[in-house]
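13 is the number that our numbering gives to position 13 of the sequence shown; each next residue is one higher, with no gaps. C-beta atoms are modelled at their ideal positions from N, C-alpha and C, and glycine is treated no differently. Remarks on the structure that follows.
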Amino acid sequence: MSKAIVYLSQQTESLGKVFHLRNPQPLSLKEMAQYIGSLGYPVELVSYEQWRSQLNNTDPSANALYPC
Numbered sequence: 001m002s003k004a005i006v007y008l009s010q011q012t013e014s015l016g017k018v019f020h021l022r023n024p025q026p027l028s029l030k031e032m033a034q035y036i037g038s039l040g041y042p043v044e045l046v047s048y049e050q051w052r053s054q055l056n057n058t059d060p061s062a063n064a065l066y067p068c
């Protein structure tokens with residue numbers, strides 16, 4: 001995947017074009033969470049319902065992307 005990205009980024013014909021790249025060996029969400037956790041970042045897998053509930057109960061102004 002990285003080789004394809006590097007190759008496309010070096011082609012003048014690629015300028016302004018969109019490429020939809022897909023990894024032929026994708027990681028599952030569980031595998032990705034385990035990998036991120038192995039790097040020392042805390043990761044907790046929760047159900048969609050739990051995630052949605054936590055999102056709805058979060059103060060939007062606490063988000064770094066919230067407009068000032």
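From which residue to which residue does the alpha helix (DSSP H) around residue i run?
{"i": "Ser52", "result": "In the sequence on display, residue 52 carries Arg and not Ser. Tyr48 to Asn56 is the extent of the alpha helix (DSSP H) around Arg52."}
{"i": "Lys30", "result": "Leu29 to Ser38"}
Rounding to the nearest angstrom, what Cα-Cα distance links residue i and residue j in this structure?
{"i": "Tyr35", "j": "Leu21", "result": "21 Å"}
{"i": "Thr58", "j": "Tyr66", "result": "12 Å"}
{"i": "Leu15", "j": "Gln25", "result": "27 Å"}
Nearest chain C C-beta to residue i closer than 7 Å, yes or no?
{"i": "Ala4", "result": "In the structure shown, chain C cannot be found, because there is only a single protein chain."}
If we call anything under 7 Å between Cβ atoms a contact, is residue i one with residue j?
{"i": "Gly37", "j": "Val46", "result": "no"}
{"i": "Leu144", "j": "Phe19", "result": "Coverage of the chain is limited to positions 1 through 68, which leaves residue 144 absent and any answer about it impossible."}
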